[in-house]
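Peer 1:
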Amino acid sequence: MSRKPSKRSNVENNDPKELNLVPYLDIVTNIIMFMLVTTTSLGAVGIINVAAPKYGGGGGGGSGPEKPQLNLSIAITEKGFFVMATGGVLPGIEKVAEGEKAAVGKPTIPKNDNRIACMEMKKGEEAPCYDYLTLTKRMTEIKKQYPDETKINLTADPAIPYNVLIKTMDASRENTLELEEGKPRPLFFDVVLAAGL
Amino acid sequence: MMGSVKPSSNNAVDIGNDVLLPDKGESSGESTKRPKKSRVVVREYPLNLTAMMDMMTIILVYLLKSYSSDPTNIQASNDLTLPMSTTHFKPEEAAAVAITKKGILVADKTVVELKNDKVNIADKGGKEDSMLITPLLAVMKTEAEKQKMIAKYNKKEDFKGLVLIIGDKMVPFRLLTEVLYTVGQAEFGQYKFAVTMENP
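First to last, the protein sequences are chains A and B.
With the numbering used here applied, the first sequence covers 1 to 197.
With the numbering used here applied, the second sequence covers 198 to 397.
1. Say whether chain A places a C-beta atom closer than 8 Å to the C-beta of B:GLY381.
2. Terminal residues of the continuous beta strand (DSSP E) containing B:LYS357?
3. So, for A:LYS79: in the same chain, excluding its five sequence neighbours on each side, which residues have a beta-carbon less than 8 Å away from its beta-carbon?
4. Between B:GLY322 and chain A, is there a C-beta pair that is closer than 8 Å?
5. If you draw a straight line from the C-alpha of B:THR331 to the C-alpha of B:LEU260, how long is it?
6. Do A:VAL191 and A:ILE152 have their CB atoms nearer than 8 Å?
7. Give a yes or no on whether the minimum CB-CB distance between A:ARG185 and chain B is below 8 Å.
8. Closer than 7 Å, Cβ to any Cβ of chain A: which residues of the stretch 296-323 of chain B, in chain order?
9. Under a CB-based cut-off of 8 Å, is B:ASP251 close to chain A?
10. Considering only residues of the same chain and omitting the five flanking positions on each side of A:GLU181, which have a CB-CB separation below 7 Å?
11. Name the residues in the stretch 358-373 of chain B whose C-beta lies less than 9 Å from a C-beta of chain A; which are they?
12. On the premise that A:GLY46 lies in contact with B:MET394, defined as a C-beta separation below 8 Å, what is that separation, rounded to the nearest angstrom?
13. In chain order, what are the residue ranges of uninterrupted alpha helix (DSSP H) at least 4 long that sit wholly in the stretch 309-350 of chain B?
14. What does the Cβ neighbour count give for A:LEU36, buried or exposed, with the cut at 16 atoms within 10 Å?
15. If I measure Cβ to Cβ from A:TYR146 and keep anything under 6 Å in the same chain, skipping five residues before and after, which residues do I get?
16. Can you give me the Cβ contacts of B:ASP320 inside the same chain, cut-off strictly under 7 Å, excluding the 5 residues immediately before and after it?
17. Please compile the residues from chain B whose C-beta is within a distance smaller than 8 Å of the C-beta of A:TYR132.
18. Counting only Cβ-Cβ distances shorter than 7 Å, please list the residues of the stretch 139-171 of chain A near chain B, keeping chain order.
19. Sort B:HIS285, B:MET328 and B:ILE363 by Cα distance to A:PRO184 and report the nearest one.
20. Which residues mark the beginning and the end of the beta strand (DSSP E) in which A:MET84 is found?
21. Taking 8 Å as the CB-CB limit, is A:THR29 close to chain B?
22. Can you find a CB in chain A that lies within less than 8 Å of the CB of B:ALA341?
23. Report the three-state DSSP secondary structure of B:VAL368 (helix, strand or coil).
24. Measure the C-alpha to C-alpha separation of B:PHE356 and A:LEU193 and round it to an integer number of angstroms.
25. Find the residues of chain B that neighbour A:THR176, judging by a C-beta separation of less than 9 Å, and give them in chain order.
26. Along chain A, which residues have their Cβ under 7 Å away from the Cβ of B:ALA391?
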């Protein structure tokens with residue numbers, strides 16, 4: 001009679017070996033660390049839609065009288081903002097002894113020399129800085145007179161930094177101080193970028 | 198099994214896989230009490246790495262997916278700081294053109310090098326007042342052809358002429374308009390400016 005093989009020894013010999021996962025885990029951990037370190041993003045990235053100027057167009061012969069176009073434009077210069085529309089440049093307001101008068105030949109919204117006011121605007125610029133708050137107020141006034149108008153042309157001096165251009169777009173796109181149905185009051189959000197001055 | 202106390206026939210206490218066996222002398226009922234001798238079987242519990250590996254693999258796949266599919270895969274550097282904005286629009290798929298302090302990049306490759314925020318005259322066809330940046334035009338035309346080819350075979354991917362401008366906040370307006378004019382010549386007419394959202 002042959003001896004019955006031991007059950008225990010048989011089980012131990014046929015025990016499936018577990019895959020050694022430690023080296024794989026090491027590799028995966030290293031890759032994760034590498035990716036987390038290298039993907040230092042710039043925070044939440046958003047976009048601003050901008051259109052190129054379109055020439056020609058029109059014609060077609062639509063029915064009814066054509067509405068006069070506002071052609072609102074902002075020119076950013078070293079002195080401040082010039083706000084223009086069909087008919088001319090919107091003059092700035094100059095404080096004189098008798099009160100206020102139109103400042104002809106000067107920017108519509110000159111730069112703000114007040115350091116504290118510049119800091120309050122929180123735009124990261126040193127005084128004299130661009131007066132974005134006043135620009136938003138003027139845009140709101142114009143929007144009240146032309147509620148259907150959404151287009152704005154932007155142009156600037158060649159040396160004006162991109163940062164100022166974006167801030168100007170922000171200031172003319174919406175008024176965050178006045179809410180409309182719980183959202184900032186929309187102003188002129190169709191930005192058309194024109195060539196430099 | 199682990200942690201549960203199971204009654205055993207021979208008064209053995211099972212804690213996990215460790216079995217505490219009572220001393221033989223105790224069960225014989227001898228009156229003379231001797232100090233208890235218990236034999237503790239110590240076994241090693243190997244850490245189960247499978248669950249951890251699953252977790253790591255999921256994280257890795259997620260990171261790889263977000264790394265590759267992000268249309269604005271922008272690396273923070275000293276040469277590229279995006280301006281802040283109050284916009285609410287999220288980025289979408291578009292041909293990306295980056296303008297840093299050192300150069301103009303398309304798909305992370307430097308196309309034109311800049312000196313003092315100005316393009317070399319040689320890259321503008323020898324004319325200083327020219328708006329056209331010729332190396333950028335060539336690259337963008339190739340990009341437009343590639344997108345049109347994709348649109349030809351994939352009806353869902355229409356060629357819209359979208360271009361994402363990723364500009365450093367100090368880029369002068371002149372350089373910006375030169376880039377916009379050049380990409381416009383390559384049929385990219387809808388510009389999207391990448392910014393850092395103030396209120397994401």
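Note that beta-carbon positions come from the ideal geometry of N, C-alpha and C, so glycine has one too.
Keep in mind the model is a prediction, meaning the values are calculated, not measured.
Peer 2: From the atom records:
1. By this cut-off, B:GLY381 is an interface position.
2. Looking at the DSSP string, B:LYS357 is not in any beta strand (DSSP E), and its letter there is neither H nor E.
3. Counting only Cβ-Cβ distances below 8 Å, and skipping sequence neighbours, we find LYS106, PRO107, PRO110 and LYS111.
4. no
5. Each residue's Cα considered, the two are about 37 Å apart.
6. Result yes, Cβ atoms of A:VAL191 and A:ILE152 sit closer than 8 Å.
7. no
8. none
9. no
10. none
11. LEU361, ILE362, ILE363, GLY364, ASP365, LYS366, MET367, VAL368, PRO369, PHE370, ARG371, LEU372 and LEU373
12. 4 Å
13. 331-350
14. exposed
15. LEU70
16. VAL309, ILE330, THR331 and PRO332
17. Within 8 Å Cβ-Cβ: nothing; A:TYR132 doesn't reach chain B, min ~11 Å.
18. The stretch 139-171 of chain A vs chain B, Cβ under 7 Å: ALA156, ASP157, PRO158, ALA159, ILE160, PRO161, TYR162, ASN163, LEU165, ILE166 and ASP170.
19. B:HIS285
20. Start and end: 80-85.
21. Yes, because at least one Cβ of chain B sits closer than 8 Å to the Cβ of A:THR29.
22. no
23. coil
24. 22 Å
25. When 9 Å is used as the limit between beta carbons, A:THR176 is near these residues of chain B: THR283, in chain order.
26. Result: VAL45 and ILE47.
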